[in-house]
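Protein sequences appear in the order of chains R and U.
For the first sequence, position 573 (counting from the first letter as 1) is numbered 573 according to this note's numbering, and the numbering increases by one without interruption.
Take the position in the second sequence, starting the count at 1, then add 645; the result is the number in this note's numbering.
Positions of the beta carbon are idealized from the N, C-alpha and C atoms, including for glycine.
This structure is a prediction, so every number in the text was calculated from the model and none was measured.
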Amino acid sequence: MTQHIYLTILLPLLGFLVNGIFGPKIKNEKLIGIIGSGSIGLSFIISVISFFETLNLPVDKRQTIVTLFPWINVGNLNINFSYQVDQLSLVMALLVTGVGFIIHVYSIGYMHGDKAFWRFFSYLNLFIFAMMNLILADNFVLLFLGWEGVGLCSYLLIGFWYDRKFEKSTTADAGKKAFIVNRIGDFGFLVGMFLIFMTFGSLNFNDVFNRASIFNVSEGVFSLIAISLFIGATGKSAQIPLFVWLPDAMAGPTPVSALIHAATMVTAGVYMVARCSVLFASAPAVLIVVAVIGILTAIVAASIGLVQNDIKKVLAYSTISQLGYMFLGLGAGAFGAGIFHVMTHAFFKALLFLGAGSVIHAMHEEQDIQRYGGLKKFMPVTSKTFIIAALAISGIPPLSGFFSKDEILWYTYANGLWFLWVIGVITAMLTAFYMFRLYTLTFEGKSRFGSDKHPHESPKVMTIPLIILAVLSVIGGLIGIPEIFSGEHGNRFHNWLSPIFKQAERKMIIFGTHSHFEEIALMTISVVGAAAAIWFARHIYLNRPSIAENLSRKFRLTYNLLLNKYFVDEAYDYTIVNPIVKGSTSFLWKIADNKIIDGTVNGLAKVVAIISVYSRKLQTGLAQFYAIIMVLGITLALFWIILSR
Amino acid sequence: MESNTLLTILLFAPLIGALLTMFLKNSQESLIRYFGLAVSIIVFVISLVVYYFFDSNNPDFQFIHKFRWIENLNVFYFVGVDGLSILLVLLTTFLTPLTLLSSWSGITSRVKEFTFFMLMLEFGMIGVFLSLDLFLFYVFWEAMLIPMYFIIGIWGGEQRIYASIKFFIYTMAGSLLMLVAIIWLAVYASGFLGYFTTSLVDLYQAGPTIPVSIQGFMFFAFALSFAIKVPLFPLHTWLPDAHVQAPTAGSVILAGVLLKMGTYGLLRFNLPLFPQASIEYAPFISVLAVVGIIYGALVAMVQTDMKKLVAYSSVAHLGFVVLGIFSMNQIAIQGSIIQMINHGLSTGALFILVGVIYERTHTREISEYGGIARLVPFYSFALMFTSLSSIGLPGLNGFVGEFLILTGAFKSSVLNSWLFSIVAASGVIFAAVYLLWMYQRVVFGEVKNPKLSGLKDMTAREILVVIPIFIFIVWIGLYPNTFLKLSDKSTSKVIEQVMNPGKSNLSLP
């Protein structure tokens, strides 16, 4: 099956084409749903078979390249449609098709009755197609095809309800913002590709990464390459300073938020950095930048998440924050831990979003958590699975989030970035707090909604996906139990991925050794912190809501700052967007182009016309006048001839 | 002399068609339309024959047909095709039938004259791409202005007279300097060759021997004429006027083919004839190209008229092509050639689509639209698809060209700076801004304008016009090698001519 890995790409494409072309005629939601989910389900099965095939191969033979056909061949630039199956791409492929399939099934229930049901499924399939290209590509350009493709699908799906209002503008605005902010990141990625091609003479992963170890390239060049690629990652994975599009992306239907804006697409940046680990490892300064940007994003987003009241907004900021953790891991040189967190996060964050979707569905599109409350008794499955996910993201052992988050924090500390570790633990506490604020306000306490709402549990097609994801959120971390607990087997997830990061690790200096005691002590600190935050959140929102009110009143300024997301959007509008639009309108177009440039052209024409008007008068028609001119001319000519001798 | 008449048949078929049109009755409008379409399709088929027999391994001119035209001056009727021109010839013959089909309902008056001028235009355009004698080239170069002048002037919008005269005089003014330069070049070459001639193949040998100081003047005399046609910033202001006033067919041909004559001219004449000057002034021209990319995109972004927006986007797109040409390496020039085709397809389709909606609503103001997605689903899809192609989404055609140009420019030894490529790459961001913003304002949201309520989706004929273009948009996007292969060897030859002037092995037919 590994040789036929391209089927995991072609099947979603086929699903997209079938639903996209014949969808309006099929009109049968069930059939459309089966085509849409079925293509992803089959891709998942193929990925699973390929995984086991690869598992049975000896460690040094676990990379298979499948070439379909050449794409761009000019000079020494040779780009093919060829796909690379290895440990890293298989993890991602399993994740994308597996979680993707679950979310596709859930969407059959969630999108029931939508007038563009077919369009939704065709876009969703197109997304999987692009995402699979991104993760299976064996070269940068094909990765970029997927990279831009997922951006397009994100744009199309955010604006899926294109005639709806969203906050101050429309869903289409939110989609456009996402695409354009992503493009700013893509610009960095493009420059990175140019630099790579110039330095290594190839854009194929194997060539580039091997040459990165062989060629004598200065650290400065590596740094330029790494920082350019990282700019691309900040766009796609919503990191400072390009994170502003992700909260707005919540304008899309909730399954889209779960699949694209939580579980898969936004982790593309993490995947890309991990894939290029050897390039980043060769630029230690950039690694620090990655770690710092990651942890800053994590804490900034978590702090915003504390005060948001839109259920999806809280989860969006939570996603940004968790992505920050992943970059912290990458920056600390723990590439495997970053990918591990990608995986566990996909489980529990998809679960949180789907749970939120279930709630929104039950509450007739109401998204304000202040108008929820006491939903536990109406929605037993949703509330139980939601609390599992909330515990997982809070890092409570032995749920999946605990293992991945803790591994990142441990590596951060072990590699000497203890200050970032402190921020990381604080962020973990904030995370636990806002998650349980969200849970408590939604599912517990008294109902705060009117009698016009009749909450009910969602149908099975939606709850079964929740249950599956809940199971994965619980046990998903067990494949990555750290060495101190698992003993001789070591960290299985780590061992599986380690060949991918071998070249990178060879280039890095790992700081001194640490004792097991330290590792367990730090682990205890973060777990106790998270548990305390959970207790505190429940205490406030269940028993003493006055505390929250008093706090927000006392720290009015901070509260407003957080509520308005640090005014980042406004700042961008004032400093970048408006000057460009206004400058282009009133200066470039109306003055530079119309007045100066075109004015010069028309002015020249006018000068000619004016000269003609006057010179025409020379044509008097009087023979005497011509005779005088002639005599004058001859005289002048004679003078000139004589004087120039 | 040489007597492969295939290209001559290709060249004169539209002329004969045009002349035959004159014998049809004015009143037989649909017969005239079908006749014109049939002629243009026959021309396309002939060009496919040329493509079929074209040997892409041969860098030199093929299917040469040459005889002495003006005896004493060694002026030749000399046509031939190579890798640089074959794709442009195919683009011309491909777009002409589509534009004729697209104006089925848009052009309702003087159908006969319209068909005549369109076929004459095709004759002129093919002539420009096939001519291998500077004098013959110049004749076609100027002659082609005339039908376009009438197409804008007769079937154009309200300010058509202003636009057509501006178009005519602006481009003509540039060309006159080229004529002087052609004569000077031929006279100079007669000292070197021992005889006076305007045959390009002979002049290729003489050009590089011109003293560098004079080469600069010659370079600019040619380049000015081409730069106006491209149009290169800041010589672009005739373009928005001409585009906005021209009927759909005029805009499509103007953007699709006419602009490419400028970039083709730079590649065919400036680089090989004046290699030292080309290298010397490459950074200067590239600066203008990059400024044009950003400037065109920013001005396009704030336009309120759909056609003007697309017109300014052409300034940006052609900036990429010029940047690629003056990067002077294989990757960049190959990118430029494919990008010429891409721009012809994408922008051509954009103009066709603007025309489709204009015919229904008689407005091109973006603010008059909004929310048409539900009313005209196929149109909305077509506009999205075309916009994505123009934006340069990987998997569609635009990406291949832009990527090759930027990659090539980045490592260009002639430009010797990353800055050109990096600044140009930021234009990629703006392309997304102006097209998606327009798309959003036109297609998304709710229907607010009551005039739009009865809007009808594209007809079968209109769909038939865009589908062939879409096929090539995907084809070039996924398998550009079909097209890149055609120009590969000739591109190498041009680079050889520039980098090692005089040493390159030129066959003298």
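- Quick one, which of U:805, U:1086, U:656 has its alpha-carbon nearest residue 731 of chain U's? U:656
- Task: Report back the beta-carbon spacing between residue 719 of chain U and residue 842 of chain U to the nearest angstrom; my notes put them in contact at under 8 Å.
- Result: Sure, about 4 Å apart at Cβ, within 8 Å.
- Between residue 1149 of chain U and the rest of its own chain, which residues show a CB-CB distance below 6 Å, the 5 nearest in sequence each way excluded? For residue 1149 of chain U, the predicted structure reports a pLDDT of 47, less than 50, and the residue's modelled location is therefore unreliable. A value from the coordinates is still provided. Within the same chain, residue 1149 of chain U has close Cβ partners 1141, 1142.
- Query: Taking Cβ positions only, does residue 234 of chain R come closer than 8 Å to chain U?
  - Reply: Chain U, which has no Cβ nearer than 8 Å to the Cβ of residue 234 of chain R, makes this no.
- Query: Do you know how far the Cα of residue 172 of chain R is from the Cα of residue 43 of chain R?
  - Reply: 31 Å
- Closest residue to residue 681 of chain R among R:583, R:519, R:223, R:641 (Cα-Cα distance): Missing from the structure shown is residue 681 of chain R; chain R here goes from 1 to 645 and no further.
- Query: Would you say residue 946 of chain U and residue 785 of chain U are within 8 Å of each other, going by their C-beta atoms?
  - Reply: no
- Task: Note the first and the last residue of the continuous alpha helix (DSSP H) segment covering residue 709 of chain U.
- Result: Run containing residue 709 of chain U: none in the alpha helix (DSSP H); it sits in the beta strand (DSSP E), 707-715.
- If residue 81 of chain R and residue 142 of chain R are in contact, beta carbons under 8 Å, what's the gap, nearest whole angstrom? 6 Å
- Item | Amino acids of chain R, ordered along the chain, whose beta-carbon sits closer than 9 Å to that of residue 1033 of chain U | 152
- Any idea if residue 261 of chain R is buried or exposed, counting beta-carbon neighbours within 10 angstroms, 16 or more meaning buried? buried
- Spatial neighbours of residue 734 of chain U in its chain, beta-carbon cut-off 8 Å, leaving aside the 5 residues before and after: Once the five neighbours on either side are set aside, the close Cβ partners of residue 734 of chain U are 655, 692, 695, 726, 771, 774, 775.
- Message: Ignoring anything shorter than 4 residues, give me the alpha helix (DSSP H) runs that lie fully in the segment 142-176 of chain R, in order along the chain.
- Response: none
- Message: Quick check on residue 231 of chain R - is its C-beta less than 8 Å from some C-beta in chain C?
- Response: In the displayed structure, chain C is absent; the protein chains listed are R and U.
- Same chain only: Cβ atoms within 7 Å of residue 367 of chain R, ignoring 5 sequence neighbours per side: 310, 311, 312, 360
- Is it right to say residue 454 of chain R is buried, meaning 16 or more other beta carbons lie within 10 angstroms of its own, or is it exposed? exposed
- Near residue 383 of chain R, which residues of its chain fall below 6 Å by C-beta distance, leaving aside the five closest residues on each side in sequence? The beta carbon of residue 383 of chain R lies closer than 6 Å to those of 376, 443 in the same chain, with the five residues before and after it left out.
- Message: Given this structure, state the Cα-to-Cα distance separating residue 492 of chain R from residue 75 of chain R, to the nearest angstrom.
- Response: Whole-angstrom Cα-Cα distance: 43 Å.
- Task: Please list the segments of the alpha helix (DSSP H) lying wholly inside the segment 331-414 of chain R, counting only runs of 4 or more residues, in order along the chain.
- Result: 335-362, 380-394, 400-414
- Within-8 Å CB hit, residue 1030 of chain U to chain R: no
- Message: Is it the case that the segment 285-300 of chain R contacts the segment 340-354 of chain R, given that we only count it when at least three CB pairs across the two stretches are under 8 Å?
- Response: no
- Roughly how many angstroms separate the alpha carbons of residue 1152 of chain U and residue 705 of chain U, rounded to a whole number? With a pLDDT of only 43 at residue 1152 of chain U, under 50, the local geometry of the prediction cannot be trusted, and the value read off the model is given with reservation. In this structure, the CA atom of residue 1152 of chain U is about 8 Å from the CA atom of residue 705 of chain U.
- Query: Does any heavy atom of the ligand GTP sit closer than 7 Å to the C-beta of residue 489 of chain R?
  - Reply: As presented, the structure is devoid of all ligands, the ligand GTP included, so that no description of it is given.
- Going by the CB atoms, is the gap between residue 1025 of chain U and residue 995 of chain U shorter than 8 Å? no
- Message: Given a cut-off of 8 Å on the beta-carbon distance, is the pair residue 399 of chain R and residue 477 of chain R in contact?
- Response: yes
- Query: If you draw a straight line from the C-alpha of residue 547 of chain R to the C-alpha of residue 541 of chain R, how long is it?
  - Reply: 9 Å
- Query: Is the distance from the Cβ of residue 445 of chain R to the Cβ of residue 373 of chain R below 8 Å?
  - Reply: yes
- Task: Could you please give the first and the last residue of the uninterrupted alpha helix (DSSP H) stretch that includes residue 71 of chain R?
- Result: First-last for residue 71 of chain R: 64-74, but that is the beta strand (DSSP E), not the alpha helix (DSSP H).
- Give the range of the beta strand (DSSP E) segment to which residue 78 of chain R is assigned. 77-85
- C-beta neighbour in chain U for residue 70 of chain R, strict 8 Å: yes
- Message: Measuring straight from C-alpha to C-alpha, what distance separates residue 432 of chain R and residue 559 of chain R?
- Response: Computed Cα separation, rounded: 19 Å.
- Pick from R:643, R:346, R:595 that is closest to residue 318 of chain R, judged by C-alpha positions: Ranked by how close their Cα comes to the Cα of residue 318 of chain R, the residues R:643, R:346, R:595 have R:346 in first place.
- Query: Does DSSP classify residue 778 of chain U as helix, strand or coil?
  - Reply: strand
- Query: Taking the continuous alpha helix (DSSP H) assigned at residue 1048 of chain U, which residues delimit it?
  - Reply: Element bounds for residue 1048 of chain U: 1042-1055.
- Could you have a look at residue 310 of chain R and say whether DSSP puts it in helix, strand or coil? strand
- Message: Please state the DSSP three-state secondary structure of residue 920 of chain U.
- Response: helix
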